[in-house]
Every structure is written in C-alpha cells, then in structure tokens.
Amino acid sequence: MAKLGALAELVGGELIGDPALEIKGVAPIDRAGDGEITFLSNPKYLKKLGDCRAAAIILPTGVEAPVAAGIVCRNPYLAFAKILTLLACRRPEAKGVMAGSYVSPSATLGKGVTVHPGSVVGENVILGDGVILHPNVVLYDGVVVGADSLLHAGVVVRENCRIGRNVIIQPSAVIGGDGFGFAPDGEAYYKIPQVGVVVIEDDVEIGAAACIDRATLGVTRIGKGAKIDNLVQIAHNVVIGENTVIVSQVGISGSTEVGRHCTFGGQAGVAGHLKIGDNVMIGARGGVSGHLAPNQILSGAPVMPHRQFLKAAMTFSKLPEMRKELSQLQSRVQELEQLLSAKESTSQ
Amino acid sequence: MAKLGALAELVGGELIGDPALEIKGVAPIDRAGDGEITFLSNPKYLKKLGDCRAAAIILPTGVEAPVAAGIVCRNPYLAFAKILTLLACRRPEAKGVMAGSYVSPSATLGKGVTVHPGSVVGENVILGDGVILHPNVVLYDGVVVGADSLLHAGVVVRENCRIGRNVIIQPSAVIGGDGFGFAPDGEAYYKIPQVGVVVIEDDVEIGAAACIDRATLGVTRIGKGAKIDNLVQIAHNVVIGENTVIVSQVGISGSTEVGRHCTFGGQAGVAGHLKIGDNVMIGARGGVSGHLAPNQILSGAPVMPHRQFLKAAMTFSKLPEMRKELSQLQSRVQELEQLLSAKESTSQ
Amino acid sequence: MAKLGALAELVGGELIGDPALEIKGVAPIDRAGDGEITFLSNPKYLKKLGDCRAAAIILPTGVEAPVAAGIVCRNPYLAFAKILTLLACRRPEAKGVMAGSYVSPSATLGKGVTVHPGSVVGENVILGDGVILHPNVVLYDGVVVGADSLLHAGVVVRENCRIGRNVIIQPSAVIGGDGFGFAPDGEAYYKIPQVGVVVIEDDVEIGAAACIDRATLGVTRIGKGAKIDNLVQIAHNVVIGENTVIVSQVGISGSTEVGRHCTFGGQAGVAGHLKIGDNVMIGARGGVSGHLAPNQILSGAPVMPHRQFLKAAMTFSKLPEMRKELSQLQSRVQELEQLLSAKESTSQ
C-alpha cells in the first residue's frame with residue numbers, strides 16, 4: 014500500500030489528482046480495478062482508457078488523456094516496474110542455516126544469510142551478507158557469492174566460480190560446468206581438462222536451466238548487468254559485455270567476445286572465436302559466423318542487415334516461381350536468338 | 014499377465030484366436046516372442062509378419078493377414094499403448110513422507126501421498142491424494158498439486174503455482190521461474206518483478222528441463238491435456254490451448270496465445286504477443302512471426318504453407334546456379350537488344 | 014610440478030633443451046610466464062612466439078622456431094591436454110557415503126565410492142569402484158553406474174538405466190526421462206508408457222542439462238566415447254555411434270540411428286527414424302530430414318554439401334535483387350518479342 018503522491022516521487026513523475034490516493038496494487042490496463050494503478054506505455058492503446066477502471070494511470074509525457082488520477086513520466090514502463098517492486102516484492106526475513114542443509118565448517122557466511130534445506134555449501138565457500146540459497150542449491154568448493162545475491166532451487170555452481178553482488182539465478186541453472194573441449198586422438202577423443210572458472214559480475218540475471226561453462230584456462234565472464242534468459246548456452250572462455258541481453262535458447266560458442274549493450278533474440282546462435290562489437294542487435298534465430306562491427310541491427314543466418322533480411326525472407330517463398338520464370342525466360346531468349354540468327358542467314 | 018480375450022475387451026477390438034491365451038508382455042514386431050503381443054499400425058509393414066514370432070498381433074481394421082491370434086481394431090497404436098499400460102505399468106505403493114524430506118508443518122497432504130528423500134515442501138503447500146514427489150523435488154510456498162500427479166526428481170515449482178490432477182512432470186523441469194522482463198533505464202536494465210503464477214491444468218505432461226515461466230501479472234496457462242517435450246521454453250503470460258503438443262526445444266515468446274490441438278515440431282519458435290488459432294501444425298524449425306488463423310499446416314521461417322516451403326527449400330540449393338543463369342541471360346538479352354538496335358540503324 | 018623431460022616422454026615428443034626444467038603449469042601463449050608451458054598448434058600463430066614468456070613451448074613437428082625449451086610432437090593440442098591433465102587434475106580422495114545422503118540398503122557399492130550429501134541412491138542400484146556422486150544426484154531404482162564414473166550435482170538417472178565406466182555427466186543432465194510418445198485418442202492423447210531404458214557406454218561425456226530419453230521398448234544407446242554437449246536432446250530409441258560428437262542444443266528425434274565418428278554442430282536438428290552413416294559432419298544449425306550415406310560434410314536445412322550451402326547462403330541476401338532483375342528481364346524480353354513480331358508483320 015502506498016500513496017499516489019509518494020509513487021509519483023518514487024518514479025520522478027508529475028502527479029495528476031489527489032496525492033493521498035491509496036494504491037494497493039498494480040494490474041494490466043484491462044483488468045485493473047479499485048485501488049490499482051496501471052500503465053500506458055504506448056499511445057496506440059489510448060482508446061483502451063475508455064473502459065479502464067483503474068484508480069490511477071501512469072502515462073507517458075506528452076500524451077493528452079482525460080485522467081482523474083495518475084502519474085506522467087518519460088518512461089511509464091520503468092515507472093511501472095519500480096512501483097510493482099515497491100508494492101509487490103518484499104525480501105523475506107533471513108532464516109540462517111536451516112535444518113537439512115549441509116554447510117562446510119570451512120565456509121564463511123555473511124550476516125543475514127539464508128540457506129534452505131537440501132542446499133550444500135562446499136569447502137571454503139564465501140557467502141556475502143544477505144545471500145539466499147533456495148532449497149537444493151549446490152555450491153562446490155571455493156565458490157564465492159556476493160552480497161544480496163539470490164540463487165533459486167536446484168542451481169549448481171561448480172568449484173571456484175565467482176558470483177557478484179545482487180545477482181539472481183533462476184532454478185536449475187548450471188554455472189561452471191566443464192567446457193566442451195576434446196583433442197582428437199585417432200578415432201577417439203581425449204578430454205581437455207577445464208581448469209578455468211566462471212565469473213559473474215554484479216547485477217546479472219541468469220535464467221532457468223541456462224548453462225554457463227567454465228573456461229579451459231582463465232575465465233568465462235558475464236559482464237555487470239547482463240541478462241540471460243532460460244536454456245541459454247554460454248560456452249567456455251566466452252566474454253559477455255555489460256548490460257547485454259540474451260533471450261531464451263541462444264547459444265554462444267567458445268571464446269567469442271560479445272560487446273556491451275548487445276541484444277540477441279531467441280534461438281540465435283554465434284560461432285566461436287568471434288568479436289561482436291557494442292550495441293549489436295541480432296534478431297531471433299540469427300546466425301553469426303563472422304566478426305561484427307558495433308552499432309548494427311542484423312538478422313538471418315548468416316546475419317545481414319535486418320531490413321535486407323526481411324526482404325530476402327519474403328522472397329524466399331517465391332523461389333520455385335522464380336525458378337520457373339527463369340527457365341521460361343531462357344526458352345524465350347533462345348527462340349529470339351534463333352529467330353534473329355535465321356534472319357541473319359536469310360538476309361545474307 | 015493378461016488373457017488375450019480380456020485385452021481385446023480392454024481396447025474394444027475384435028478377437029482372433031483363443032481368448033484364454035496368456036499375454037505377458039509387449040514387444041516390437043521384430044523382437045516379440047513367446048507370450049508377447051505386438052502391433053502393426055501401418056499396412057506397409059505387413060511383410061514383416063512373415064518373420065514375426067509374437068504370440069499375438071494387434072491389427073488395423075481392414076487389413077487381411079493370416080494371423081492365428083490377435084486383436085483387430087481401428088487404432089492399433091492406441092490399443093498397444095493401453096495394453097502396455099496394463100501389462101508394464103504399476104503405480105508404486107504410497108510411502109508417505111520419507112526420512113530425509115522436508116515438509117512444512119503448514120502443508121496439507123492428501124491420502125496416499127509419497128514424498129521421497131531430499132524433497133522440500135514449502136509453507137501452505139497443498140498436495141492432493143496420491144501425489145508422488147520423487148527425490149529432490151522443490152515446491153516453494155503456496156504451491157498446489159492436484160490428485161495423482163507425479164513430479165520426477167529435481168523438479169522445481171516456484172511460489173503459488175498451481176498444478177492440476179494427473180499431471181506428469183519429467184525430471185528437472187522448472188515451473189514458475191521469473192519471466193524475462195526488464196525495463197531499460199538508460200544503459201542498464203531494471204528488473205520487472207514477476208508476480209504472476211503458472212497454472213498447469215489436468216492431464217498435462219511436461220518434459221525434462223522444460224521451463225515454464227510465471228506471468229508478470231496474471232497467469233501463464235498450460236491447457237488441459239497439453240503435452241510439452243524436453244527443453245521447451247514457455248515464456249511469461251503465454252497461454253497454451255488444450256491438447257496442444259509441443260516437441261522438444263521449441264520456444265514460445267511472451268504473451269502469445271496458442272489454440273487447442275496445435276502441434277509444434279522440434280526447435281520451432283514463436284514470437285511474442287501473437288494469437289495462433291486451433292489445429293495449427295507448425296513443422297520442425299518453423300518460425301512464427303505473425304498471427305495465424307486456425308486449421309493450417311505451415312513450415313519455414315517465416316512460416317508458409319508446408320508444401321510451398323518444401324518446394325522453396327528444394328530450390329534454395331539452386332540459388333547460385335539461378336544467379337549465374339540470370340546473369341548470363343542478362344548478357345544474352347543485352348546482345349539481342351544491341352543486335353536489333355544495330356539493325357534498326359542499318360535499315361533506316 | 015613435473016620435469017620437461019618427463020612431459021616429453023608422456024606425450025611421445027622430442028625434447029628441446031634441459032630435461033630437468035621444472036614445469037608447474039599450463040597457460041595460453043599470450044599469458045604463459047615463469048615455470049609454465051604453452052602450445053602452438055597452428056603455425057599461423059608463429060609470430061606470437063616473439064612476445065611469449067613461457068618457460069617451454071609445445072610445437073608441431075616440422076615447424077622451425079628458435080625455442081630454447083620445449084617439446085616437438087605431431088599433435089600439440091593432444092599433448093597440451095595430456096600435460097594439463099597431469100599438472101592440473103587430481104581425482105579427489107574417496108569420502109564414502111557422506112552424511113546427508115540417502116543410500117538404499119539394497120544398493121551395492123564398490124570400493125572407493127563417494128556419495129555426497131543430498132544424493133539419493135535407489136533400491137538395487139550398483140555403483141562400481143571409484144564412482145563419485147556429487148551432491149543432489151538422484152539414481153532411481155535399478156540403476157547401474159560403472160567404475161570411475163563421475164556424476165555431477167543434480168544429475169538424475171531414472172529407473173534401470175545403465176551407465177558405463179569412466180563416464181562423466183555434467184550437472185543437471187537427465188538420463189532416462191520418459192520418451193515423448195502419445196497415441197491420439199480423438200481430440201486428446203493417451204500416454205504410451207516408456208518402459209525401455211538408456212544405456213550409456215564407457216568413456217562417454219554428457220553435458221549440463223542434456224536430456225537423454227529412455228526407449229519406449231528396448232534401449233536408447235549412447236556409444237562408447239561419444240561426447241554430448243549441454244542442452245542436447247536425444248529422443249527415445251535413438252542410437253548414437255561410438256566417438257560421435259554432438260555440440261550444444263542439438264536435437265535428435267526418436268528412433269534415429271547415428272553412425273560412428275559423426276559430428277553435429279550446435280543447434281542442428283535431425284528428424285526421426287533416420288539412418289546417418291559413419292563420419293558424417295553436419296554444420297551448425299543443419300537440419301537433417303532424410304537418411305545420409307557415410308563420409309559427408311553437410312550444412313543447411315535441409316542439408317546439402319557444405320560448399321554448396323555456403324554459396325547458396327551467400328546468394329540468399331541477393332534474392333530481392335534477383336527478383337527485380339528477373340522481372341526487368343521479363344519486360345525486356347517481351348519488348349524484344351514485340352519488336353520482332355512487328356518486323357515480321359512489316360516484312361510480310
């Protein structure tokens with residue numbers, strides 16, 4: 014529960030209506046009711062306001078709307094996120110090391126830590142203040158987890174990997190599994206030991222069942238603020254730049270270095286040993302097989318400028334027709350050639 | 014062990030031979046032997062019957078075959094499944110709350126429940142009659158699991174998600190992980206709290222390591238009877254219709270609504286905020302980027318009618334050849350044009 | 014720590030310099046320093062040797078380089094792997110059945126076994142000598158694990174599956190989940206019991222969160238020495254040949270048989286009921302929809318010879334241009350035809 018005036022202040026927006034209005038929750042525009050605030054991020058949904066029964070509305074600057082109570086701000090979506098955080102999220106009270114968990118005597122635990130049942134904390138692990146390990150998390154020996162990080166149930170972090178502060182890892186993600194490295198030895202393969210680590214910097218989020226492999230030698234690094242979705246594969250020795258966003262089921266192959274503030278659409282794939290510049294955006298399913306300069310929007314496999322891909326993809330379904338037309342054209346040109354050649358002979 | 018007559022009755026088929034024949038197992042047509050029943054679902058395998066040593070055979074209606082013992086029915090594959098269930102599957106006896114599991118005192122457990130070692134049942138969880146939690150399942154606070162549902166080892170269900178009756182979840186699936194939602198805040202991203210839930214209706218099956226994200230607000234819903242394979246990604250606020258089948262490694266993006274009785278082939282992908290009608294079939298690797306009317310069979314990326322895709326895909330490998338032919342044709346036409354233009358000049 | 018002479022002997026290479034030189038570690042060519050050995054597998058990096066501060070270098074036979082200490086051998090990458098194994102990997106001492114694990118009294122454990130906390134070993138399980146189960150591994154009833162195999166945290170092996178000797182399974186992999194089999198029964202689907210098993214032969218490695226489904230009837234088999242990366246899907250009744258390599262996020266559909274020594278690039282997909290010959294190499298994202306003869310390098314979807322695919326893929330982005338050129342050409346040919354037809358009429 015919060016007052017509308019306080020919420021406007023929280024998001025740095027301009028108040029419309031009574032600052033004392035009590036807001037108790039957040040809801041989508043078509044479902045919000047008494048005591049609830051909603052948001053309009055895109056002016057194209059303005060017409061939905063007619064039926065809206067929300068107590069207050071967050072509007073983007075510059076939109077004219079007959080609203081009795083609300084907040085006007087530059088980024089309604091961000092404001093919505095901040096208000097939802099305030100109203101709906103509360104960090105649970107610390108519960109300490111709970112019965113049924115296994116914490117090595119050599120581990121170092123900060124203040125206000127929670128270790129749920131079934132979690133296993135290995136030798137010499139260091140947990141910062143306020144760390145929460147949900148049930149059945151496994152931290153191998155030598156793992157470090159920074160303050161206020163939250164590891165959901167079933168997460169596994171292998172030996173010596175380091176996780177920063179304020180990191181969130183969704184259930185069953187695997188941090189520090191062996192990289193996929195084998196040296197051919199005749200018909201068979203010899204395993205290359207993977208003795209490096211994974212370093213996850215502050216403010217990163219990792220999705221459910223995502224896999225971040227440890228380096229062969231050295232470090233696989235996920236830069237500060239990066240967001241990685243479910244079932245993503247990050248191979249050994251990859252470096253992901255700060256604030257880069259990687260959507261579900263993407264795969265990044267070994268030793269590739271991705272810049273800052275890139276975005277990879279779902280199911281995209283990147284080959285190994287590449288350098289991807291900053292601010293590169295790859296569409297869903299994009300396939301990257303070469304180095305990429307910064308500041309590009311690309312799609313397709315192999316990737317090309319996004320607009321070019323859209324045109325090419327549209328044309329793809331016409332291929333059989335084009336082939337037929339091409340063949341007909343060849344016949345017609347041949348006829349013309351024969352006709353002219355016949356004329357030549359006649360006229361000689 | 015069952016008598017052939019009883020099996021014929023079970024599947025609503027017509028008996029051939031001795032109703033008292035004892036059947037002890039089911040095996041593939043080329044491996045079945047004494048006491049075993051096999052099935053022929055496709056008449057094209059009729060010639061395999063010659064070498065078949067099975068005690069009895071399930072045949073489709075209308076197929077003429079010199080079989081001494083068997084069952085004739087409309088759907089031999091379904092009959093095979095039902096007979097296999099009878100002969101090979103037995104629900105284990107309930108074992109109660111086993112040593113080494115952690116069940117909150119505030120949880121409510123039905124009759125005949127089994128909670129294996131290492132499983133963690135949170136506060137206010139409700140388990141219906143006959144629920145089985147294999148080892149190391151984690152149910153966060155407020156989860157509800159309907160009667161006779163079976164959760165395999167390592168499954169995680171996060172807070173307040175609701176699972177129906179007779180649901181099967183394969184190992185390490187993650188239900189209710191946070192949706193992937195972040196609001197840009199300058200260079201960095203601000204996490205949008207994911208305070209909705211997942212609702213899985215009755216008779217659903219979810220594959221190993223599949224991830225079904227909770228809604229931002231509201232519900233991510235998997236409709237009654239839907240079947241979801243391993244490593245599938247279902248994003249926040251998605252709705253999957255009843256009896257829809259989603260094969261391995263498919264990804265469905267946020268807020269998309271899929272109709273009833275659809276089928277998605279392996280590795281297909283669907284963009285967000287789309288509506289897919291009932292009875293839509295998407296081929297393996299299909300990429301859906303727009304709304305889809307019901308009753309279609311589509312393939313390709315972006316999807317097109319399946320037959321058209323097959324032709325276009327066949328033509329794709331001819332592209333370099335086509336380009337060369339096109340270029341040659343341009344030269345030939347240019348020559349013709351020059352020839353005619355020269356003639357024009359001469360004749361003037 | 015090892016002497017250079019001993020390392021040369023280990024890898025069957027020719028020694029350069031002092032055999033008594035002490036080597037304490039392995040590092041990449043641009044980071045190696047005092048006491049460290051590095052390797053040069055590709056002569057194109059020869060120029061890096063100028064700045065290299067390594068104590069010794071592993072060189073490929075036939076490369077001329079002014080090196081004071083090192084080893085010359087045919088396969089420097091393999092030599093690197095063997096030396097790294099010697100210097101950096103030590104099998105931990107056996108710890109027995111640790112507190113907080115749950116081992117059925119009917120299980121049979123070999124010598125020198127380690128079962129970490131949170132692991133659950135079912136009825137009649139057999140663990141060979143030297144097996145290590147990291148925390149929270151679950152072995153259902155009847156599972157067999159061969160000597161010296163290593164199962165990382167959170168791995169689940171379902172009932173009656175058999176794992177060979179010297180197998181490594183990365184965290185959270187799922188072995189023996191139900192195959193995805195359902196018989197249509199009108200609008201709904203009837204579950205086909207999956208009563209077969211998975212057999213994993215010796216020397217296999219399975220990646221994190223990979224899923225290998227049990228057979229409907231019979232066996233899903235992973236051949237000796239095969240290497241399977243993270244998040245790979247192997248469906249029911251698949252057979253993978255010896256020493257085949259399957260990179261991350263590949264999916265192999267039901268009942269397909271893959272030969273020996275094949276390689277599948279990342280995110281490739283294979284349809285069901287196919288036979289793939291030995292020594293087939295499928296590029297990243299390749300889509301296999303038909304049987305394949307042995308000894309081929311293929312890419313694309315559907316797959317074609319790799320070189321042909323590269324050319325076709327390059328041409329794809331030119332499609333809109335080609336279509337325009339084709340259309341222009343049609344107009345030009347039509348004009349020529351009309352011109353000639355007009356001449357015909359005039360000359361008659």
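Protein chains in written order, with this note's numbering: chain A, 14 to 361; chain Y, 14 to 361; chain B, 14 to 361.
Using N, Cα and C, we set each Cβ at its ideal position, and we do this for glycine too.
Distance between beta carbons of ALA69/B and ILE36/B, contact taken as under 8 Å: Against the third sequence, residue 36/B aligns to sequence position 23. Against the third sequence, residue 69/B aligns to sequence position 56. With 8 Å as the limit, ILE36/B and ALA69/B qualify as a contact, their Cβ atoms being about 6 Å apart.
Taking VAL232/A as the reference, which of ALA222/A, GLY238/A, GLN207/A and LEU311/A has the closest Cα? On the first sequence, residue 232/A is found 219 positions in, with the first residue counted as 1. Looking at the Cα atoms, GLN207/A is the closest of the given residues.
Rounding to the nearest angstrom, what Cα-Cα distance links HIS319/Y and GLY299/Y in this structure? Walking along the second sequence from the start, residue 319/Y turns up at place 306. Walking along the second sequence from the start, residue 299/Y turns up at place 286. Looking at the two C-alpha atoms, the distance is approximately 10 Å.
Is the shortest distance between the beta-carbon of GLY46/Y and the beta-carbons of chain A less than 7 Å? Your numbering for residue 46/Y matches position 33 in the second sequence. Taking Cβ atoms only, chain A never reaches closer than 7 Å to GLY46/Y, which makes this a no.
Classify GLN262/Y as helix, strand or coil using the three-state DSSP reduction. Against the second sequence, residue 262/Y aligns to sequence position 249. Here GLN262/Y sits in coil by DSSP.
Along the chain, where does the beta strand (DSSP E) containing GLY167/A start, and where does it finish? Locating residue 167/A in the first sequence gives position 154, where the first residue counts as 1. From DSSP, GLY167/A is part of no beta strand (DSSP E); its letter is neither H nor E.
Check whether the Cβ of ALA226/A lies closer than 7 Å to any Cβ atom in chain Y. Taking the first residue of the first sequence as 1, we reach residue 226/A at position 213. One detail in the question is off: residue 226/A reads as Asp in this sequence, not Ala. Taking Cβ atoms only, chain Y never reaches closer than 7 Å to ASP226/A, which makes this a no.
The segment 343 to 350 of chain B / the segment 330 to 337 of chain A touching (three or more Cβ pairs under 8 Å): no
Taking C-beta pairs closer than 7 Å, name the residues in chain B that THR98/A reaches, listed in chain order. Stepping through the first sequence from its first residue, residue 98/A is reached at position 85. Near THR98/A there are no residues of chain B at all, since even the closest Cβ is about 30 Å away, more than 7 Å.
Identify every residue that forms a DSSP beta bridge with ILE310/A. By one-based count along the first sequence, residue 310/A stands at place 297. For ILE310/A, which the question treats as bridged, DSSP gives the partners MET294/A.
Proximity of LEU163/A and ILE96/A at Cβ, strictly below 7 Å: Residue numbering aside, residue 163/A sits at position 150 when the first sequence is read from its first letter. Residue numbering aside, residue 96/A sits at position 83 when the first sequence is read from its first letter. No, the Cβ-Cβ distance between LEU163/A and ILE96/A is not below 7 Å.
Report yes if the C-beta distance between ASN149/B and ASN149/A is below 7 Å; otherwise report no. Indexing the third sequence from 1 puts residue 149/B at position 136. Indexing the first sequence from 1 puts residue 149/A at position 136. Taking 7 Å as the Cβ cut-off, ASN149/B and ASN149/A qualify as a contacting pair.
Quick one: residues in its chain with C-beta nearer than 6 Å to the C-beta of PRO197/Y, no 5 flanking neighbours on either side, listed in chain order? Here residue 197/Y refers to the residue found at position 184 of the second sequence. Contacts found: none.
Would you please verify whether the beta carbon of GLN183/B is less than 7 Å from any beta carbon of chain Y? Translated into positions along the third sequence, residue 183/B becomes position 170. Taking Cβ atoms only, chain Y never reaches closer than 7 Å to GLN183/B, which makes this a no.
Among ALA94/Y, ASP242/Y, ALA67/Y and THR74/Y, the one whose alpha carbon lies nearest that of ALA82/Y: Taking the second sequence and counting its residues from 1, one reaches residue 82/Y at position 69. Taking only the C-alpha atoms, the option nearest ALA82/Y is ALA67/Y.
Whose CA, out of ASP191/B, ALA78/B and VAL144/B, lies closest to the CA of VAL210/B? Taking the third sequence and counting its residues from 1, one reaches residue 210/B at position 197. Nearest of ASP191/B, ALA78/B and VAL144/B to VAL210/B, Cα basis: ASP191/B.
Taking the continuous beta strand (DSSP E) assigned at GLY189/B, which residues delimit it? Position 176 of the third sequence, counting from 1, holds the residue named residue 189/B. Here the beta strand (DSSP E) through GLY189/B covers 187 to 190.
Starting from PRO73/A and walking both ways along the beta strand (DSSP E), at which residues does that stretch end? Here the question's residue 73/A lines up with position 60 in the first sequence. Here the beta strand (DSSP E) through PRO73/A covers 69 to 73.
Whole angstroms are fine: how far does the CA of VAL80/Y sit from the CA of LEU53/Y? Here residue 53/Y refers to the residue found at position 40 when the second sequence is read from its first residue. Here residue 80/Y refers to the residue found at position 67 when the second sequence is read from its first residue. Roughly 12 Å separates the two Cα atoms.
Are PRO130/B and GLY113/B close, meaning C-beta to C-beta below 7 Å? Mapped onto the third sequence, residue 130/B falls at position 117. Mapped onto the third sequence, residue 113/B falls at position 100. Contact: yes.
Using beta carbons (cut-off 7 Å, strictly below), is ASP409/Y in contact with chain A? Because chain Y in this structure spans residues 14 to 361, residue 409/Y falls outside the shown range and cannot be described.
Count the other CB atoms, across all protein chains shown, that sit within 10 Å of the CB of GLY220/B; report buried if there are 16 or more and exposed otherwise. Within the third sequence, the letter at position 207 stands for residue 220/B. The residue is buried, with at least 16 neighbouring Cβ atoms inside 10 Å.
Listing by chain order, which chain B residues have their CB less than 7 Å from the CB of ARG298/Y? Looking up residue 298/Y in the second sequence gives position 285. By Cβ distance, chain B contributes GLY282, GLY300 and ALA314.
Chain Y partners of PHE329/A, CB-CB under 7 Å? What you label residue 329/A is simply residue 316 of the first sequence in a count that begins at 1. Here the neighbours are ALA325.
Cα separation between ILE176/B and VAL144/B? On the third sequence, position 163 is the one that residue 176/B refers to. On the third sequence, position 131 is the one that residue 144/B refers to. ILE176/B and VAL144/B: Cα-Cα distance of roughly 11 Å.
Please list, in chain order, the residues of the segment 343 to 354 of chain A that have any C-beta partner in chain D closer than 8 Å. Structure shown: chain D not included; protein chains present are A, Y and B.
Cross-chain neighbours of GLU200/Y in chain A, by beta carbon under 9 Å: Position 187 of the second sequence, counting from 1, holds the residue named residue 200/Y. The contacting residues are GLY238, GLU255, ASN256, ARG273 and HIS274.
Thinking just about the alpha-carbon of each residue, which of LEU311/B, LEU62/B and LYS331/B is nearest to the one in GLY290/B? Counting from one through the third sequence, the residue named residue 290/B turns up at place 277. Of the candidates LEU311/B, LEU62/B and LYS331/B, the one whose C-alpha sits nearest the C-alpha of GLY290/B is LEU311/B.
Could you tell me whether the segment 241 to 249 of chain Y touches the segment 215 to 229 of chain Y, where touching means 3 or more Cβ pairs closer than 8 Å? yes
Could you tell me which chain Y residues have their CB closer than 8 Å to the CB of ALA196/B, listed as they occur along the chain? Counting from 1 along the third sequence, the entry for residue 196/B is found at position 183. Per Cβ cutoff of 8 Å: ASN88, TYR90, LEU91, PHE93 and ALA94.
Would a C-beta distance cut-off of 7 Å place ILE253/Y and VAL271/Y closer than the cut-off? For this step, residue 253/Y is matched to residue 240 along the second sequence. For this step, residue 271/Y is matched to residue 258 along the second sequence. Contact flag set, yes.
Can you give me the C-alpha to C-alpha distance between PRO73/Y and GLU27/Y, rounded to a whole angstrom? If you number the second sequence from 1, residue 73/Y lands on position 60. If you number the second sequence from 1, residue 27/Y lands on position 14. Straight-line Cα distance between these residues: approximately 10 Å.
Between the beta-carbon of ASP161/B and the beta-carbon of GLU136/B, is there less than 7 Å? Taking the first residue of the third sequence as position 1, residue 161/B is located at position 148. Taking the first residue of the third sequence as position 1, residue 136/B is located at position 123. No, the Cβ-Cβ distance between ASP161/B and GLU136/B is not below 7 Å.
Quick check: the Cα distance between VAL128/B and GLU255/B, rounded to an integer number of angstroms? In the third sequence, the residue the question calls residue 128/B occupies position 115. In the third sequence, the residue the question calls residue 255/B occupies position 242. Their Cα atoms are separated by approximately 29 Å.
Those runs of the alpha helix (DSSP H) which lie wholly inside the segment 24 to 104 of chain A and span at least 4 residues: 89 to 101
Considering only their Cβ atoms, is the gap separating VAL260/Y from GLY285/Y smaller than 7 Å? Along the second sequence, one-based indexing puts residue 285/Y at 272. Along the second sequence, one-based indexing puts residue 260/Y at 247. No, the Cβ-Cβ distance between GLY285/Y and VAL260/Y is not below 7 Å.
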